[in-house]
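Below is one structure; the comments refer to it alone.
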Amino acid sequence: MPAAPSSPSSTDTHCPYCSLQCGMRLRPVEPAAPGEPAVAVEERPDFPVNQGALCGKGSSAAAVLSARARLGTPLVRDHRTGRLREASWPQALERATQGLAAAASRYGRDAVGVFGGGGLTNEKAYLLGKFARVVLRTANIDYNGRFCMSSAAAAQRRAFGLDRGLPFPLADVSRTGCLVLVGANPADTMPPAVRHLRELREAGGRLVVVDPRRTRTADLADLHLRPLPGTDLALALGLLHLVITEGRVDEEFVATRTTGYERARAAAMAHWPERVERLTGVPVAHMRRAVELFCDAPTGMVLTARGGEQHSKGVDTVGAWINLCLATGRAGRPRSGYGCLTGQGNGQGGREHGQKADQLPGYRAIDDPAARAHVAGVWGVAPDTLPGPGRSAYEILDGLGTDGGVRALLLMGSNPAVSAPHAGHIRERLRALDHLVVCDVVLSETAELADVVLPSAQWAEEDGTMTNLEGRVILRRAALSPPDGVRTDLAILRALAGRLGVGHGFPHTAQEAFDELRQASAGGQADYSGITYERVAAENGVFWPCPATAAGRPAHPGTPRLFLDRFATPDGRARFADVSHRPAAEEPDADYPLRLTTGRVLAQYQSGAQTRRTPALQRAAPGPFVELHPRLAARLGVADGDPLTVTSRRGRATAPAHVTPTIRPDTVFMPFHWPGAGSANNLTNPALDPVSRMPEFKVCAVRVEKTPPGGTA
Ligand code: SF4
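Its first residue numbered 298, the sequence shown is counted upward by one per residue in this note's numbering.
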């Protein structure tokens, strides 16, 4: 759909938060007081993904532009007082670069680390990767997107040879026959997307939701399966078992478009329904009904999100759901397929353009000699000067300040002091660093620990592209100038690079950076070379891959739908995964008899660094809570609102009880948006998936006790 023009004084752009990247319009307004936002968020009905709808986070996004919420000047830690104090930009940049250079000189280049964020624009992610490899020449760069979708990405690459969150536009969801949503709660995490679920139901399509909690999304479903946290892999295998034994395999699809079926079949046959019921708690009758709904429909999709992915077996779990799609012919066909509902705003683009430890721009592998040569050519450096693969996000954080670990860290747009698993340990590691530089828009809990804090411009103050969950490259436009005292991340990287001896190669504008990114991505899987700012603005986004065409030839139209003719594997066939059930890294025992699962609430976003500073959102969701079933509450002698202490092997969190029948009696739930005593990530388990290095946020063993008056249990 072509973009409708906005009024001359307003700016068409996109929400700063989740991967839906809803279109919005920013209208100039007279600030309510000095320092208050000079724009108001309005609907932008022409953007097809959200058609004007915004959730409360998007509609209140301007609040963080307020001078009261954000950083307005650089800060450096005063050696005498130990406190952060205001500094000039030259002072702060000098201190930042001195610390990075000192660590490199004392411990070696890989002792300097870079940690990025899934909310950074493509241009920032690209230049952050270039900064790490060309200026610092460190292998140790990764980003918090590793915590978000890396298991789904790895499983898709294994199965399809390519990873793009959704291989089709989101609107296709409303036209499929049966949608299975695994560990996804869009009614709370991306409410405008629920329109597609309603349209699906109105068109006669079926909805199956797999989630241990009865969420508002589950309330929309024909069937809600409630597996024990950590058993989704077994459930998917049990469903495939039933598909096989009930003669529902699409033999022709399997024979002509896949490989590896026999091994996957053998693994599924070892997961007979009664065994799977024992493992998951899902009754056999419910499994049979799910298979009936999925296979009776002419088309079908499976979409996973963090609930199915954030496990120490997340790659295999997603692989098992993909197996179900492949066996039933629900992949590589119109209105059918597997997809991942990416979480962070640019979780997709962030991993395509070099912010990840093992990748170079264009989704190139950093250990591929041809990829290294191509990117080194664009950067004007010798290929052998580029570092190899580095450590993954949690491994970087876990090793901070240790022998052989990262000693000085540049962190941009991430708040691991709250968002990392085993967060108490990660805060200790951040404190153990020789030097921490944080670029952020607010004084996050991580920035509070820094030696240097560099205040960044916000989404409404700078141009840049994002790649949403569909693989659609969209354009954010600046509606305002950054306030005095604040610089764009591009300007910060350019200044740091210059002070570290690289005075070129870090462009002044986002569009220049994007044009270089296009060259670097050309010929890669995520080929952006045919995408321009002008096209993105005129076409309301362009789907990658979109290679450049020769002069005089029509432009490539972009690729809204992948795999319809062939999968991106060398032989064009999708690969079944050979996977079997295994338990969670930490199962309940006598000391920690319950399972904890974590997630998000409607009015907060990720570590809450921005949304906790938004008055309307903070009023709607002011703090953490512990969701528990009435039967468990009765057993513990707990009433709604009672203060609870939740303890795991890694730490403790206190929060009021929220007694509700929507949770399983053997499981408690906590949202993870808050720091301090109620931080759910004080409890979570950093056990990593062996392939994706994704931590097991979604299940660990805990003990729950009523907090006695005046103290912790
Ligand atoms: Fe923003 Fe996501 Fe809400 Fe859309 S759904 S308004 S992108 S937070």
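All C-beta atoms in this analysis are idealised placements derived from N, C-alpha and C, irrespective of residue type, glycine included.
By alpha-carbon positions, which one of the options ends up nearest to residue i?
i, options, result
"L517", "P526, A490, L532", "A490"
"G415", "R443, R724, F969", "R443"
"S989", "R796, L941, A451", "A451"
"L746", "R492, V506, N482, G379", "G379"
"T866", "N620, L476, L459", "L459"
"F969", "V996, P958, P987", "V996"
"L532", "Y314, H878, V923, E809", "H878"
"E327", "A906, V336, G320", "V336"
"V999", "R897, L893, P921", "L893"
"L600", "L520, R724, T639, L925", "T639"
"G696", "W676, M709, T514, R724", "R724"
"L797", "L397, R341, P313", "L397"
"V338", "G332, P686, G353", "G353"
"T762", "V470, V770, A670", "V770"
"V346", "E333, G320, S356", "G320"
"G1047", "Y314, S316, R365, S402", "Here the chain covers residues 298 to 1010 and nothing more, so residue 1047 does not appear."
"R472", "P595, V546, T394", "P595"
"R916", "S357, T308, S306", "S357"
"P780", "G948, G800, A754, T555", "A754"
Less than 8 Å between the beta carbons of residue i and residue j, yes or no?
i, j, result
"R374", "L368", "no"
"A834", "L772", "yes"
"P992", "Q607", "yes"
"W841", "A823", "yes"
"F465", "L790", "no"
"R726", "L694", "yes"
"V506", "L590", "no"
"G920", "G869", "no"
"P752", "G782", "yes"
"A729", "G768", "no"
"P804", "L787", "yes"
If you follow the beta strand (DSSP E) that residue i is in, where does it begin and where does it stop?
i, result
"I828", "From DSSP, I828 is part of no beta strand (DSSP E); its letter is neither H nor E."
"A398", "Taken as a continuous stretch (DSSP letters only), A398 belongs to no beta strand (DSSP E), being part of the alpha helix (DSSP H) at 386-404."
"T866", "Where T866 is concerned, there is no enclosing beta strand (DSSP E), given that its DSSP letter is neither H nor E."
"C1080", "Any answer about residue 1080 is impossible in this case: the structure gives the chain only from 298 up to 1010."
"C637", "634-637"
"G597", "597-601"
"T577", "Careful: T577 lies outside any beta strand (DSSP E), inside the alpha helix (DSSP H) at 570-577."
"A337", "336-340"
"E383", "381-383"
"I438", "438-440"
"P752", "749-752"
Could you have a look at residue i and say whether DSSP puts it in helix, strand or coil?
i, result
"F465", "coil"
"G410", "strand"
"M584", "helix"
"R1000", "strand"
"P483", "helix"
"C475", "strand"
"E883", "coil"
"T553", "helix"
"A301", "Its pLDDT being 49, under 50, A301 is placed unreliably by the model, and the measurement read from it follows with that caveat. Correct three-state label for A301: coil."
"I960", "coil"
"P992", "strand"
"V373", "strand"
"I771", "strand"
"F428", "helix"
"A452", "helix"
"L317", "coil"
"Y889", "coil"
"D309", "strand"
"H719", "coil"
"G761", "strand"
"F457", "helix"
"N643", "coil"
"R704", "coil"
For the alpha helix (DSSP H) that residue i lies in, which residues bound it at each end?
i, result
"T542", "529-542"
"N837", "Note, N837: premise wrong, no alpha helix (DSSP H); not H, not E."
Determine whether the Cβ of residue i lies closer than 8 Å to any Cβ atom of chain C.
i, result
"P958", "No chain C appears in the structure shown, which is made up of a single protein chain."
Evaluate the contact criterion for the stretch 844-858 versus the stretch 873-883: three or more CB pairs, one atom per stretch, below 8 Å. no
Given 8 Å, three or more beta-carbon pairs between the stretch 727-744 and the stretch 353-367: yes
If we count Cβ pairs, one from each stretch, closer than 8 Å, do we get three or more for the stretch 392-408 versus the stretch 618-631? no
Touching or not, the stretch 672-683 and the stretch 938-951, by the rule of three or more beta carbon pairs under 8 Å? no
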